[in-house]
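Here the structure is laid out as structure tokens; the discussion comes afterwards.
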DNA sequence: GCCGGTGTTGAAATG
DNA sequence: TCATTTCAACACCGG
């Protein structure tokens with residue numbers, strides 16, 4: 095009686111066939127034609143910082159998905175259409191005679207905005223929209239509702255709320271077959287090529303999708319352009335035609351994005367196939383799964399031999415279902431033969447990690463669009479960071495951001511490029527750029543260093559760098575973790591800090607990670623590997639690495655900077671301002687806070703206490719600009735002056751003995 | 001409103 | 001060598 099369904103299944107956060115509740119709903123409609131669509135959205139190509147490694151992972155995942163679709167039915171594949179979904183989908187509805195649009199809900203702020211627009215447009219033309227939660231263990235909408243609309247800020251709150259939501263559904267099997275994307279299901283055309291040809295033809299004449307250049311913004315508006323420090327080296331040509339250059343709806347390439355594939359240096363390979371084989375490998379190790387304790391896993395490994403599961407990129411793109419992971423872990427633990435008390439508990443265990451991801455999604459959902467920034471963000475404590483976002487009178491973010499003070503800008507640049515002079519930080523940042531991944535505790539180290547630990551630079555800037563380079567970047571977890579580490583939200587014990595040498599020293603493999611990513615330090619002995627500036631000059635010579643020449647001098651004094659940052663944390667905490675406070679919205683909070691603890695504004699303008707401007711500027715000049723040899727003399731950089739050693743010349747007698755001293759000294763720090 | 005327990009992942013001292 | 005305690009500059013939650 096009712097006419098058969100013609101369904102667009104819109105892939106976005108769910109590049110998989112297994113355990114896809116949304117895809118199941120699409121197939122439950124028993125469609126005569128199913129169009130598996132991906133919209134190659136220019137908002138992601140131009141208006142979002144995305145590096146080569148993440149695009150590479152996405153492209154691989156799309157290709158893998160397409161292959162898997164074809165293996166279910168040789169007459170189908172992923173149909174990549176180039177354009178903005180809000181403009182494109184309504185056209186597809188008409189030209190393909192669509193009855194239903196089905197997709198997995200995307201809980202991010204941009205996703206929600208885009209989807210509600212698309213939903214409204216679909217409604218106008220009588221297309222039914224079916225959206226299904228599948229990206230998280232629990233639906234953030236429901237969790238927040240159960241929590242009285244309040245953002246979920248602690249694990250215990252989340253656990254309490256979800257106890258009432260019942261069990262996580264068991265994962266679904268992948269479908270066994272799929273209807274083809276045929277324009278006319280009764281026609282006898284079966285070949286994929288023929289079907290694609292007809293589809294492509296059906297899109298002829300659409301205004302502004304054809305024609306070179308339609309989608310290419312000027313470089314100053316393209317966040318990935320090389321002009322703005324991004325990876326795009328040439329003009330894109332992925333928008334010259336709606337269905338791709340060969341009119342076959344193929345997945346775009348890095349080249350078509352104007353990016354150099356040889357820059358995709360990561361060993362992390364995308365796709366559902368990879369994800370499932372990785373999961374299988376993990377689950378085989380019952381002891382590893384059962385005894386997993388995140389804080390005990392080492393950050394000192396490259397992604398190929400990570401101490402954690404490295405499933406985050408796959409979960410982020412939906413190559414791996416989070417519910418499948420959850421249940422495989424649960425089932426695996428039942429096979430554990432050891433003592434029951436060896437099985438780790440939430441939150442440190444594997445499933446706890448997944449719950450954290452849910453927690454951040456719930457926080458993001460309740461806070462809304464401003465989750466990734468300080469201004470207007472009600473859960474985010476206001477601190478008078480350097481290099482914050484800037485806003486105009488209407489509260490619109492000013493892009494590009496006006497330059498900040500010189501010292502902070504040069505520190506941020508050194509941080510991004512991995513030449514702060516602190517090997518632990520530098521190796522992690524270089525690993526990030528190269529591999530698109532660092533261990534969670536490595537992220538903690540660099541995030542604390544940039545913000546409340548040493549540099550006092552806004553977490554917004556750090557989050558942006560991660561956004562560009564991390565393959566597993568997630569709109570909820572990333573800002574959430576930056577707020578956590580900067581003591582802006584979720585966490586507040588600012589006196590707990592990560593030492594730049596003490597922290598990595600606790601873990602296995604960290605020194606080798608430094609040597610791997612900072613080859614200048616290859617021959618530096620373990621004793622000085624995290625603090626080469628403390629090595630006596632002859633040790634440096636022997637290692638073939640003179641600090642200040644072959645490897646940068648430290649850009650600040652760890653201890654001094656830490657003490658200053660703690661004073662500022664204390665001031666900010668006592669003031670108790672949050673992002674939604676009137677003073678913050680009006681841009682007055684910073685001046686008030688600075689006045690209160692006597693920090694000149696802008697930095698360097700005057701004599702702040704403990705603000706050794708001269709030294710820092712020296713560093714900025716000598717390090718950021720030219721890697722001046724400067725042997726001996728200043729090889730121990732600002733920062734290493736020991737309280738008792740006075741300024742001895744060369745490292746000369748910076749003898750061994752001193753190694754013991756710092757700790758003795760540190761312990762004196764109480765009254 | 002007070003109190004004590006707790007909070008995924010600090011560092012140093014202690015046993 | 002390792003696990004536990006202490007220190008301690010916080011804030012939230014529940015009783």
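Residue numbers (our numbering): 95 to 765. Virtual Cβ for every residue (Gly too), placed ideally from N, Cα, C.
{"query": "Backbone CA spacing between residue 98 and residue 191 [nearest angstrom]", "result": "11 angstroms"}
{"query": "Cross-strand partners of residue 225 (DSSP beta bridge)", "result": "197"}
{"query": "Neighbourhood of residue 561 by C-beta, 7 angstroms cutoff - its chain only, sequence neighbours within 5 removed", "result": "143, 567 and 572"}
{"query": "Residues near residue 150 by beta carbon distance below 8 angstroms, same chain, minus five either side", "result": "348, 355, 358, 360 and 364"}
{"query": "Residues bridged to residue 130 [DSSP beta-bridge criterion]", "result": "103"}
{"query": "Residue range of the unbroken beta strand (DSSP E) whose run includes residue 176", "result": "173-176"}
{"query": "Member of 397, 180, 166 and 457 whose CA lies at the smallest distance from the CA of residue 372", "result": "397"}
{"query": "Which listed residue (522, 419, 618 and 657) has its alpha carbon closest to that of residue 563", "result": "522"}
{"query": "Cβ-Cβ distance between residue 201 and residue 234 below 9 angstroms", "result": "yes"}
{"query": "Start and end residues, alpha helix (DSSP H) containing residue 400", "result": "Run containing residue 400: none; DSSP gives neither H nor E here."}
{"query": "Where residue 621 falls, given that 16 or more other Cβ within 10 Å makes a residue buried", "result": "exposed"}
{"query": "Length-filtered (4 minimum) alpha helix (DSSP H) runs lying within the segment 589-641", "result": "596-599, 604-611 and 631-636"}
{"query": "Burial state of residue 219, where buried means 16 or more other Cβ atoms lie within 10 Å", "result": "exposed"}
{"query": "Boundaries of the alpha helix (DSSP H) in which residue 550 is found, first to last residue", "result": "Neither: residue 550 is in no alpha helix (DSSP H) and is coded neither H nor E."}
{"query": "Reduced DSSP category for residue 672 - H, G, I as helix; E, B as strand; rest coil", "result": "strand"}
{"query": "The segment 103-115 / the segment 411-426 touching (three or more Cβ pairs under 8 angstroms)", "result": "yes"}
{"query": "Residue 227 vs residue 195 beta-carbon contact at 9 angstroms", "result": "no"}
{"query": "Start-to-end residues for the alpha helix (DSSP H) that takes in residue 254", "result": "249-257"}
{"query": "Which of helix, strand or coil DSSP assigns to residue 143", "result": "coil"}
{"query": "Alpha carbon of residue 106 to alpha carbon of residue 154, nearest angstrom", "result": "14 angstroms"}
{"query": "Reference residue 171; option with closest CA among 131, 147 and 135", "result": "131"}
{"query": "Those residues which DSSP pairs with residue 319 across a bridge", "result": "326"}
{"query": "Classification of residue 492 by the beta-carbon crowding that lies within 10 angstroms, buried from 16 upward", "result": "exposed"}
{"query": "CB-CB length for residue 515 against residue 648, believed under 8 angstroms", "result": "4 angstroms"}
{"query": "Neighbour-count burial assignment, residue 214, 16 or more Cβ in a 10 Å radius", "result": "exposed"}
{"query": "Runs of beta strand (DSSP E) lying entirely within the segment 434-483, each at least 3 residues, in chain order", "result": "none"}
{"query": "Contact belief for residue 277 with residue 296 at Cβ below 8 angstroms, rounded distance in angstroms", "result": "6 angstroms"}
{"query": "Close beta carbons around residue 307, own chain, < 7 angstroms, minus the five adjacent residues each side", "result": "Confidence in residue 307 is poor, its pLDDT being 46 and thus under 50, which makes the residue's placement too unreliable to answer from."}
{"query": "Where residue 123 falls, given that 16 or more other Cβ within 10 Å makes a residue buried", "result": "buried"}
{"query": "Beta-ladder partner(s) of residue 491, from DSSP", "result": "485"}
{"query": "Nearest-angstrom Cα separation, counted from residue 551 out to residue 500", "result": "12 angstroms"}
{"query": "Burial state of residue 508, where buried means 16 or more other Cβ atoms lie within 10 Å", "result": "buried"}
{"query": "Helix, strand or coil at residue 408 [DSSP, three-state]", "result": "helix"}
{"query": "Supposed contact pair residue 426 and residue 377 - C-beta distance, whole angstroms, cut 8 angstroms", "result": "5 angstroms"}
{"query": "Residue 411 vs residue 570 beta-carbon contact at 9 angstroms", "result": "no"}
{"query": "Span of the alpha helix (DSSP H) around residue 425", "result": "416-427"}
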